[in-house]
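Written below as structure tokens is the structure these notes are about.
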Ligand code: ADE
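Written as structure tokens, this is what we have:
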């Protein structure tokens with residue numbers, strides 16, 4: 002076996018071994034084959050955990066074609082092993098150009114998929130615009146991430162969405178663990194790989210206090226950083242303050258920042274005025290889906306020169322002599338410079354994907370062209386399997402208690 006193939010194969014096996022929820026779903030899918038004759042087009046970060054989702058859907062009878070949802074997030078060893086060992090068609094390579102990226106997404110739509118599993122909503126958007134030939138056949142789609150869900154809700158509000166979408170991002174077994182603990186850990190994996198520098202003792206600024214921002218701030222504090230949060234939502238800003246963090250405007254935060262991570266889902270969080278005021282030596286990274294949170298055009302325009310100083314770090318020398326640093330071209334630092342979220346985290350996220358895809362296949366004829374939450378029963382089923390796998394047994398309500406909480410007449 003060649004070395005790359007062996008590496009990818011081992012990573013997939015390790016992931017499978019540590020995904021007890023996916024293993025249980027896999028067992029049932031192998032018996033029941035719910036996706037027999039169904040084509041599934043996937044655009045997700047093409048790494049080992051995603052590979053297991055592709056394998057489990059294939060074992061459920063689906064023909065799967067996979068592309069990456071980010072030009073820098075593919076693990077080429079895994080892509081090779083998925084093709085060679087599992088017969089899954091993969092159109093993804095690390096470092097693909099923008100042109101190759103869109104060509105690979107087009108390949109996903111060339112399959113004529115019945116279902117789409119998307120991360121960021123690029124494939125869904127293409128099916129509604131440049132690839133209208135594909136849209137009629139698509140019964141429905143799942144969306145993985147906050148940014149994609151926001152795009153799809155905007156499409157639905159404009160009356161443009163032509164099939165139902167399930168917001169897998171908003172399953173409790175997804176955002177409570179993946180967005181918070183997954184991003185919280187994988188951002189620092191990316192940080193370490195990219196910089197090899199300590200977190201303790203640094204002034205760490207996080208932009209956004211959604212579930213991802215909360216996880217990042219919590220872990221930064223745990224690693225010994227002094228943490229500042231920048232947030233536009235007044236309620237979340239109070240929450241950040243009460244969680245013990247400094248809260249201020251970005252223009253003020255950049256003056257003391259040693260490290261800065263964006264996790265907002267919005268564009269231009271760090272732009273020209275911020276680069277002008279930023280502390281010398283600040284290292285910036287992004288944990289949001291798109292690479293537009295840190296405005297690279299402004300950064301390049303503000304700089305006198307740019308030099309790669311580590312594999313995933315570019316040094317920008319400002320015209321006044323300050324040096325600012327950018328990790329992984331401002332792309333998702335936890336995947337572009339790290340290995341993505343931990344395996345057990347993606348176990349529940351991808352279980353929500355697998356079960357939502359099964360639900361969509363059955364229910365899409367009755368569904369409207371809008372964005373749906375993951376059914377509560379799916380959340381509960383996944384949480385139950387996960388708890389069992391953790392060796393945890395919890396109490397259940399008695400009949401009497403159940404009756405009590407469903408009534409309003411009885412107070413005491
Ligand atoms: N691995 C696969 N998909 C991922 C995601 N959306 N975030 C982090 N790691 C991942």
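Residue numbers (the working numbering): 2 to 413. From the three backbone atoms N, C-alpha and C, an ideal C-beta is built for every residue, glycine too. Remember, it's a predicted structure, so these values are computed and weren't measured experimentally.
Outcome for residue i when other beta-carbon atoms lying within 10 angstroms are tallied against a minimum of 16
i: residue 1; result: Outside the modelled stretch of the chain, which goes from 2 to 413, sits residue 1, for which no answer is possible.
i: residue 391; result: exposed
i: residue 239; result: exposed
i: residue 243; result: exposed
i: residue 359; result: buried
i: residue 405; result: exposed
i: residue 3; result: exposed
i: residue 403; result: exposed
i: residue 22; result: buried
i: residue 264; result: buried
i: residue 18; result: exposed
i: residue 387; result: buried
i: residue 398; result: exposed
i: residue 408; result: exposed
i: residue 153; result: buried
i: residue 400; result: exposed
i: residue 236; result: exposed
i: residue 393; result: exposed
i: residue 123; result: buried
i: residue 61; result: buried
i: residue 396; result: exposed
i: residue 337; result: buried
i: residue 158; result: exposed
Nonlocal neighbours in the same chain, by C-beta distance under 8 Å from residue i, ignoring five residues either side
i: residue 373; result: 165, 166, 167, 168
i: residue 113; result: 40, 135, 138
i: residue 320; result: 303, 304, 305
i: residue 129; result: 136, 156, 161, 162, 163
i: residue 211; result: 147, 180, 237, 264, 265, 266
i: residue 274; result: 252
Selection from the options that minimises the alpha carbon distance to residue i
i: residue 30; options: 178, 5, 63; result: 63
i: residue 353; options: 336, 366, 178, 389; result: 178
i: residue 7; options: 83, 57, 34, 275; result: 83
i: residue 102; options: 75, 236, 160, 128; result: 75
i: residue 326; options: 287, 137, 341; result: 287
i: residue 111; options: 97, 65, 59, 21; result: 65
i: residue 230; options: 212, 208, 131; result: 208
i: residue 51; options: 407, 351, 399; result: 351
i: residue 233; options: 268, 216, 71; result: 268
i: residue 174; options: 132, 393, 382; result: 382
i: residue 77; options: 34, 119, 95; result: 95
i: residue 1; options: 385, 377, 363, 384; result: In the structure displayed, the chain extends from 2 to 413; residue 1 sits before or after that span and is not available.
Short Cβ contact (8 Å threshold) for residue i with residue j
i: residue 332; j: residue 292; result: yes
i: residue 9; j: residue 79; result: yes
i: residue 318; j: residue 303; result: no
i: residue 12; j: residue 55; result: no
i: residue 53; j: residue 67; result: no
i: residue 260; j: residue 271; result: no
i: residue 371; j: residue 162; result: yes
i: residue 116; j: residue 140; result: yes
i: residue 278; j: residue 252; result: yes
i: residue 314; j: residue 201; result: no
i: residue 346; j: residue 183; result: yes
i: residue 5; j: residue 81; result: yes
i: residue 170; j: residue 213; result: no
i: residue 301; j: residue 308; result: no
i: residue 59; j: residue 87; result: yes
i: residue 375; j: residue 241; result: no
i: residue 283; j: residue 255; result: yes
i: residue 414; j: residue 197; result: Since the first and last residues shown for the chain are 2 and 413, residue 414 lies out of range.
i: residue 356; j: residue 26; result: yes
i: residue 43; j: residue 348; result: no
i: residue 344; j: residue 16; result: yes
i: residue 119; j: residue 97; result: no
Cut-off 6 Å between Cβ atoms - residues of its own chain near residue i, not counting five sequence neighbours on either side
i: residue 228; result: 205, 218, 221, 222, 246
i: residue 323; result: 281
i: residue 310; result: 316
i: residue 92; result: 68, 105, 108
Same chain, Cβ closer than 7 Å to residue i, five either side skipped, listed in chain order
i: residue 148; result: 121, 266, 289, 290, 291
i: residue 203; result: 226, 259, 260
i: residue 215; result: 181
i: residue 85; result: 6
i: residue 339; result: 187, 190, 191, 194
beta-carbon residue i near ligand 3 non-hydrogen atom, thresh 7 Å
i: residue 275; result: No copy of ligand 3 appears in this structure; the ligands present are ligand 1.
Legend entry - Continuous alpha helix (DSSP H) assignments of at least 4 residues falling wholly in the region 319-348: 334-337
Inset, instruction - Would you mind listing the alpha helix (DSSP H) stretches within the region 246-280 that are 4+ residues and don't spill past its ends, in chain order? - result: 251-254, 273-278
Legend entry - Every unbroken beta strand (DSSP E) within the region 56-103, with a cutoff of 3 residues, ordered by chain: 64-68, 90-92
Inset, instruction - Report the residue ranges of all beta strand (DSSP E) runs contained in full by the region 151-226; include only those spanning at least 3 residues, in chain order. - result: 166-168, 204-208
Legend entry - 4 or more residues per run - each alpha helix (DSSP H) lying fully within the region 10-46: 21-33
Inset, instruction - Write down every uninterrupted run of the beta strand (DSSP E) in the region 113-150 whose length is 3 residues or greater and which is fully enclosed by it, in chain order. - result: 116-119, 141-144
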